[in-house]
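Okay, structure first, notes after.
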């Protein structure tokens with residue numbers, strides 16, 4: 014079914030996984046690569062003879078299991094969503110994705126060989142910022158005492174920010190010392206639509222309007238004037254008489270303002286201002302204050 018004519022269901026059952034996702038924007042499928050840092054969890058490399066190392070380069074949280082423990086069909090190492098017998102979210106940012114891009118995230122998951130056969134499927138969510146991006150809820154294949162990989166989980170969203178952060182978080186409540194594994198995380202995107210260029214207000218039918226016609230005629234006349242011919246340019250753009258007259262009027266007004274006489278004696282103004290403070294300090298004797306009232310102010 015063409016993507017432009019469908020919307021992704023809010024609940025899609027994919028081989029035992031329940032995925033909650035947002036409606037998929039219309040248009041072409043996401044085909045341009047979006048870089049996922051350390052998507053196969055090859056760094057840090059788990060040394061020979063070691064099963065787990067803490068930390069995941071390029072990600073926050075969790076730790077890395079060796080290729081032997083992961084037992085992925087392509088030989089990848091894998092990241093655990095549990096660490097220290099508790100669920101630990103695993104997050105990274107898609108640095109090459111801009112706001113408005115549609116993104117399809119894919120990965121593989123595995124209940125790991127640790128949970129005993131017959132244990133419940135391991136559950137987890139995938140989330141990304143944005144009110145329209147409903148977190149996806151997933152579950153692994155049924156634990157069977159060995160690796161049981163599901164290849165090709167998918168979750169799509171529209172980036173609500175540049176370099177959106179994606180987060181895998183376990184919702185499993187039993188066998189917390191047995192962390193479910195993910196690997197082979199990849200992403201493709203469709204870049205956001207570009208803002209259309211600003212249109213010329215005098216393009217198309219508007220070109221025949223009186224104002225646009227005057228502008229076009231002036232441009233045509235100016236293009237015919239040699240740059241050194243002031244008379245020719247003035248015949249089109251005018252000689253600026255109105256602007257010069259306005260400047261002259263402003264200059265005259267400023268000159269008139271500066272010529273207004275200002276004869277007020279400063280001492281007269283001070284004496285008027287001193288009436289109130291003098292009334293307040295007349296009863297204060299020199300011995301009543303460390304600094305005499307006469308030194309408080311000019312009064």
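Residue numbers (the working numbering): 14 to 312. Quick reminder that beta carbons are idealized off the backbone N, C-alpha and C, glycines included. A quick note: this is a predicted structure, and the numbers were derived from the prediction, not measured.
### Task
Just tell me which of 257, 134, 44 has its CA closest to the CA of residue 183.
The shortest Cα separation from residue 183 among 257, 134, 44 belongs to 134.
**Q.** Proximal residues to residue 157 (C-beta, below 7 Å), its chain only, five neighbours per side dropped
**A.** 130
*For the candidate residues 196, 70, 110, whose alpha-carbon lies nearest to that of residue 203?*
110
**Study point:** Exposure label - residue 72; buried when at least 16 CB within 10 Å
**Key:** buried
- Could you give the C-beta distance for residue 121 and residue 164, rounded to a whole number, given that I count them as a contact under 8 Å? 5 Å
Going by C-alpha distance, which of 90, 155, 65 is nearest residue 128?
-> 155
Are there three or more Cβ pairs, one per stretch, closer than 8 Å when the stretch 78 to 93 is compared with the stretch 46 to 55?
By the criterion of at least three beta-carbon pairs nearer than 8 Å, the stretch 78 to 93 is in contact with the stretch 46 to 55.
Item to check | Close-in-space but distant-in-sequence residues of the same chain around residue 301 (CB under 8 Å, 5 per side omitted) | outcome: none
Once the 5 residues before and after residue 205 are set aside, which same chain residues still bring their CB inside 7 Å of it? Correct list, in chain order: 111, 112, 113, 114.
Compare the C-alpha of residue 105 against each of 226, 123, 198 and name the closest.
198
Are the beta-carbon atoms of residue 49 and residue 200 separated by less than 8 Å? yes
In the DSSP assignment, what are the bridge partners of residue 201? Looking at the DSSP assignment, residue 201 forms a beta bridge with 46, 117.
With distances taken Cα to Cα, identify the nearest neighbour of residue 159 among 138, 86, 225. Of 138, 86, 225, the residue nearest in Cα terms is 86.
Note to self: Considering only the alpha carbon of each residue, which of 185, 171, 265 lies closest to residue 98?
What the structure shows: Checked all of 185, 171, 265; the closest Cα to residue 98 is 185.
**OP:** With DSSP as the reference, please indicate the residues paired to residue 122 in a beta bridge.
**Re:** Note: residue 122 sits in a beta bridge opposite 163, 195.
Spatially closest choice to residue 151 from 46, 140, 136, by CA coordinates = 136
Using the Cα positions of residue 195 and residue 123, report the straight-line distance between them to the nearest angstrom. 6 Å
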